[in-house]
Amino acid sequence: MPHFEKEPTIAVDRTFGDWRDTLVEDGFVVLKGVLSPDKAASYVDRMYKWLESFPYGFKRDDQSTWKPECLPNNMKGGMYHDYAVQHEKFMWDARCEPTVIEPFRKLWETDDLLVSFDGMNLTVPVDPRPTSAPWPHVDQSPLRKGMQCVQGILNLAPNGPKDGGLIVLKNSSKLNELFFKTHAMKEGNTWGPADWYGFTPEDVEWFKAKGCEMVKVCADPGDLVLWDSRTVHYNVLPETDNTRAVMYICYSPARFASKEDLAEKANLFREKTGTTHWPHANIFRSGKKHPERTAGESYGRDRPVEEPEETETLLKLAGALPC
Numbered sequence: 001m002p003h004f005e006k007e008p009t010i011a012v013d014r015t016f017g018d019w020r021d022t023l024v025e026d027g028f029v030v031l032k033g034v035l036s037p038d039k040a041a042s043y044v045d046r047m048y049k050w051l052e053s054f055p056y057g058f059k060r061d062d063q064s065t066w067k068p069e070c071l072p073n074n075m076k077g078g079m080y081h082d083y084a085v086q087h088e089k090f091m092w093d094a095r096c097e098p099t100v101i102e103p104f105r106k107l108w109e110t111d112d113l114l115v116s117f118d119g120m121n122l123t124v125p126v127d128p129r130p131t132s133a134p135w136p137h138v139d140q141s142p143l144r145k146g147m148q149c150v151q152g153i154l155n156l157a158p159n160g161p162k163d164g165g166l167i168v169l170k171n172s173s174k175l176n177e178l179f180f181k182t183h184a185m186k187e188g189n190t191w192g193p194a195d196w197y198g199f200t201p202e203d204v205e206w207f208k209a210k211g212c213e214m215v216k217v218c219a220d221p222g223d224l225v226l227w228d229s230r231t232v233h234y235n236v237l238p239e240t241d242n243t244r245a246v247m248y249i250c251y252s253p254a255r256f257a258s259k260e261d262l263a264e265k266a267n268l269f270r271e272k273t274g275t276t277h278w279p280h281a282n283i284f285r286s287g288k289k290h291p292e293r294t295a296g297e298s299y300g301r302d303r304p305v306e307e308p309e310e311t312e313t314l315l316k317l318a319g320a321l322p323c
């Protein structure tokens, strides 16, 4: 496992008097009404249009097309990370929304931020329903000390207890360091350099025995869900006929990034390639450049259907302009 020379972290030895205290204490927080319901609905409409742009026949107003063979490549029922979706104009428009950026600016106490090139989730009630076993994990290596990555879900559709979505082990971020001090890491259980770790059912019981509660995070259209990457989490599929619509959006201070990672981030932006949840580290490709849907049939996209407008704000967030 690599040694990390830099250990940037938010100061957590003080109280803030606002939602940041909840994030530090519980490991997650839901910020209400970051976007208006109408704005949230407009993004869902654009996400549906993206699905309808593929040659597989999906139509939102025709439920006979709500089946896996009418959808492009996805994982766990509706997570999209291929086809340059990370760089579609609607994705970048959401990332550049001032009210979406503001909580991260407040959290990290800086205007100079980078954003992740992450994907989206549009889980429609297809027939047959997919299944997915729990995959509790964290997205930060124990070699990185303190809060260094705070992930985000921009929630765009009603998301209740049975509508699928984020499951967290409340308070588990505070036990992250102790867990890795007292448990041997399993071989082959990391993602990227060292920032993904999956937990067994026995591991989860260890956290529960220390008072951590499994919570299904619910949210309304326009809410922003934030969680510490050291919080044990995973997602579940909907049990209802409601559509789940979210974008995965994460920002961190540009000063956290090395010169090498900034250069690679700018390069991948120019190529319109996705990366990971991390804005300032783990800058490597995610997804397939030419995903093949079935054997003998290929349909790939190297560029978004609608290119983003390269504003100064966007280019700085992408690492393509200095902050």
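Residue 37 in the UniProt record's numbering sits at position 37 of the sequence shown; the count goes up by one each step and never skips.
Positions of the beta carbon are idealized from the N, C-alpha and C atoms, including for glycine.
A quick note: this is a predicted structure, and the numbers were derived from the prediction, not measured.
If we ignore side chains and look at the alpha-carbon of each, how far apart do residue i and residue j end up?
| i | j | result |
| --- | --- | --- |
| Glu310 | Leu154 | 21 Å |
| Val204 | Val215 | 13 Å |
| Asn267 | Ala320 | 8 Å |
| Asp195 | His277 | 10 Å |
| Met247 | Met185 | 31 Å |
| Trp206 | Pro158 | 32 Å |
| Pro308 | Glu177 | 40 Å |
| Val85 | Arg285 | 13 Å |
| Glu202 | Ala40 | 39 Å |
| Thr200 | Lys181 | 16 Å |
| Leu107 | Asp62 | 43 Å |
| Pro161 | Ser141 | 30 Å |
| Thr273 | Met120 | 14 Å |
| Tyr234 | Glu312 | 34 Å |
| Asp163 | Lys210 | 28 Å |
| Gly17 | Ala257 | 29 Å |
| Arg303 | His87 | 8 Å |
| Leu314 | Trp92 | 7 Å |
| Pro128 | Thr240 | 13 Å |
| Tyr83 | Tyr299 | 9 Å |
| Asn242 | Trp19 | 29 Å |
| Ala281 | Thr99 | 24 Å |
| Leu143 | Pro55 | 45 Å |
| His183 | Gln148 | 22 Å |
| Met1 | Leu262 | Residue confidence is low: Met1 scores 37 on pLDDT, short of 50, so the model does not pin down where it sits. Its coordinate-derived value is still stated next. Distance between the alpha carbons of Met1 and Leu262: 22 Å. |
| Pro253 | Gly78 | 30 Å |
| residue 340 | Arg244 | For residue 340 there is no data in the structure shown, the boundaries of the chain being 1 and 323. |
| Tyr197 | Phe179 | 12 Å |
| Lys208 | Ile101 | 33 Å |
Which partner residues does residue i have in the DSSP bridge list?
| i | result |
| --- | --- |
| Ile167 | Lys216 and Tyr234 |
| Pro103 | Its beta-bridge partners do not exist; DSSP assigns none. |
| Ile153 | Val225 and Tyr248 |
| Met120 | Tyr80 and Met247 |
| Asn159 | Ala219 |
| His137 | Gly198 and His233 |
| Pro322 | According to DSSP, Pro322 bridges with nothing at all. |
| Pro253 | Leu113 |
Report the CB separation of residue i from residue j in whole angstroms; it is logged as a contact under 8 Å.
| i | j | result |
| --- | --- | --- |
| Thr123 | Pro238 | 6 Å |
| Pro72 | Val126 | Actually they do not touch by this definition, with Cβ atoms about 13 Å apart. |
| Val115 | Tyr251 | 5 Å |
| Leu226 | Val138 | No, Leu226 and Val138 are not in contact; Cβ-Cβ is about 15 Å, not under 8 Å. |
| Val217 | Leu166 | 4 Å |
| Ile10 | Gly152 | That pair is no contact at about 15 Å. |
| Pro37 | Pro279 | No, Pro37 and Pro279 are not in contact; Cβ-Cβ is about 27 Å, not under 8 Å. |
Give every residue of the same chain whose Cβ lies closer than 7 Å to the Cβ of residue i, excluding the five residues on either side of it in the sequence, and list them in chain order.
| i | result |
| --- | --- |
| Glu97 | Leu35 |
| Asp111 | Arg105 |
| Ser59 | One detail in the question is off: residue 59 reads as Lys in this sequence, not Ser. Same-chain partners within the cutoff: Glu52 and Thr65. |
| Gly57 | Thr65 and Cys70 |
| Arg95 | Val115, Ile249 and Leu317 |
| Glu260 | none |
| Ala219 | Val30, Asn155, Asn159 and Val225 |
| Arg301 | Tyr83 and Ala84 |
Using a Cβ-Cβ cutoff of less than 6 Å, which residues in the same chain neighbour residue i once the five nearest sequence positions on both sides are dropped?
| i | result |
| --- | --- |
| Ser173 | Gly27, Asp228, Arg230 and Thr231 |
| Phe269 | Ala318 and Ala320 |
| Asp223 | Val30, Lys32 and Asn155 |
| Lys316 | Cys323 |
| Lys76 | Ser132 |
| Pro136 | Phe199, Val204, Val232 and Tyr234 |
| Ala295 | Since pLDDT at Ala295 reaches only 45, below the 50 mark, its modelled position is unreliable, and no value is offered. |
| Asn74 | Tyr80 |
| Glu213 | Lys170 |
| Lys265 | Ile283 and Gly319 |
| Thr117 | The displayed chain sequence assigns Phe, not Thr, to residue 117. Closer than 6 Å at Cβ, skipping near neighbours: Gln86, Gly274 and Thr275. |
| Glu271 | none |
Can you name, in chain order, every residue of its own chain whose Cβ lies under 8 Å from the Cβ of residue i, other than the five neighbours on each side?
| i | result |
| --- | --- |
| Phe90 | Tyr43, Arg46, Met47, Trp50 and Glu306 |
| Thr15 | Asp21 |
| residue 336 | With the chain covering only 1 through 323, there is no way to say anything about residue 336. |
Whole beta strand (DSSP E) elements within the region 52-81, 3-residue minimum: Every candidate beta strand (DSSP E) stretch fails here, since none sits fully inside the region 52-81 while reaching 3 residues.
Those runs of the beta strand (DSSP E) which lie wholly inside the region 16-54 and span at least 3 residues: Assignment of beta strand (DSSP E) within the region 16-54, counting only whole runs of 3 or more residues, yields 28-31 in chain order.
Ranges of the beta strand (DSSP E) found wholly within the region 256-316, counting only runs of at least 3: Taken in chain order, the whole beta strand (DSSP E) runs of length 3 or more contained in the region 256-316 number zero.
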